[in-house]
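Read through the structure below, which is laid out as structure tokens, and then see the notes.
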Amino acid sequence: MWKEYYHAPGMYDFDYALKRLGMDPLIRLDMKERWVDVPVQLENDRTVVRVKAEGTTEKPVFSVMSDHDEEQDVIFEHIRNIFQWDKDLNEIHQFFQQTELSMLFHQYQGTPVVRDFHLYQSLMKVIIHQQLNMKFAYTISTRFVQTFGEEEDGSWFYPTPDKVAQLEYDDLRNLQFSQRKAEYVIDTSRKIVDGELNLQKLSKLPNEEVFKTLGKARGIGPWTVENWLLFACGRDDLFPAADIGIQNALKKWWQLDAKPTKVEVEKKAKEWEPYRSFAALTLWRSIED
DNA sequence: AACCAGGGAAGAT
DNA sequence: ATCTTCCATGGT
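Here the first sequence stands for residues 135 to 423, where the numbers follow my numbering.
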């Protein structure tokens, strides 16, 4: 058993991060005690790591705890990368003071981009959630994991690509996947098993390369690539202009009668480069509850 | 009952 | 290249 503490350089709203993570019923956490359990897939082993907030948004301190005594450094690095503790959110806040989002950034300070726990898991979740309302989206992604994944210490590990590649479309139709969605999920997993898609490699390429390569797979369009780059890779400058949530938020703040178009949104978002991901997160946040 | 949902493919212009 | 239409399924 080991426990390690870490101080983030700027502000960091861990409680909001927990709230976002809590949208996913598969993630085990406690808002009151301020911890979340992160399933970590290692080379040949796996473990569950507890991450806990010990400080405040202004003076953020975190603890990372695990009973997996080997590979402590690897595990800690992984956690630090997932939560992006080294990204100085004070700098981001400063940047947005000169934009029309300054009021929102004042109201919602220290909103981090918390990465999904696993590259493949993230891609499957994004595909499954396409075009579905949040409630039903989580219903079927939870079914998917609880049917084909594995539980350990109360936390769920997504099924591996090998496991999903061997499924039949009807296995997912039984979970109320549409035929299309079943095909997207299984076919993409097969490409990953075949080596045709390498998510680790993709995660290190520039955005445009990822759009070209990942976007070729059937069922993976611009929205899915954007979300994967944003939430799986944790990149700073993604803005899903076609996203219905983003459009609803801008409709509200700009007091429009109808949702703005993708083109209108993209044009305005140029002013938020190179930190458009934080604009997106803060806009989503602003219309939650 | 009608419209929507944190899309995408396939077909039509 | 850009626009429509269809797909598919539950939520409000």
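Idealized CB from N, CA, C, for every residue including glycine.
Item                                                                                                                                                                       : Value
Check whether the Cβ atoms of Y242 and P295 lie closer than 9 Å to each other.                                                                                             : no
Note the first and the last residue of the continuous beta strand (DSSP E) segment covering M199.                                                                          : 195 to 200
Measuring straight from C-alpha to C-alpha, what distance separates V172 and G288?                                                                                         : 11 Å
With burial defined as no fewer than 16 other Cβ atoms inside 10 Å of the residue's Cβ, what is the status of M145: buried or exposed?                                     : buried
Starting from H252, trace the alpha helix (DSSP H) both ways and give me its first and last residue.                                                                       : H252 -> no alpha helix (DSSP H), and no H or E assigned at all.
Measuring straight from C-alpha to C-alpha, what distance separates N382 and A413?                                                                                         : 14 Å
Per the DSSP calculation, H141 is bridged to which residue(s)?                                                                                                             : V195
Does DSSP put F365 in a helix, a strand or coil?                                                                                                                           : helix
Below 8 Å, how does it come out for the region 220 to 231 and the region 398 to 411: are there three or more Cβ pairs, yes or no?                                          : yes
So, does the region 261 to 276 touch the region 164 to 183, judging by three or more C-beta pairs under 8 Å?                                                               : no
Got a sec, what are the start and stop residues for the beta strand (DSSP E) A187 sits in?                                                                                 : 180 to 187
Under a Cβ-count criterion, where at least 16 other Cβ atoms within 10 Å of its own Cβ denotes burial, should W388 be classed as buried or exposed?                        : exposed
Rounded to whole angstroms, what's the CA-CA distance from P356 to H202? Just pull it up for me.                                                                           : 39 Å
Assess, as a yes-or-no matter, whether the region 356 to 370 is touched by the region 294 to 310 under the definition of 3 or more beta carbon pairs within less than 8 Å. : no
Could you give the residue range of the alpha helix (DSSP H) that holds A374?                                                                                              : According to the sequence shown, residue 374 is Pro rather than Ala. Careful: P374 lies outside any alpha helix (DSSP H) and carries neither H nor E.
Taking one C-beta from the region 372 to 381 and one from the region 180 to 197 each time, how about it: are there three or more such pairs within less than 8 Å?          : no
With a CB to CB cut of under 7 Å and the five nearest residues on each side skipped, what residues in its chain are close to D351?                                         : At residue 351 the sequence reads Ala, which differs from the Asp that was named. Around A351: T322, K325, L331.
According to DSSP, which residues form a beta bridge with L163?                                                                                                            : V170
Using only the alpha-carbon positions, how far apart do Q232 and E405 sit?                                                                                                 : 10 Å
Within the same chain, show all residues whose beta-carbon is closer than 6 Å to that of P293, passing over the 5 residues directly before and after it, in chain order.   : F282, G283
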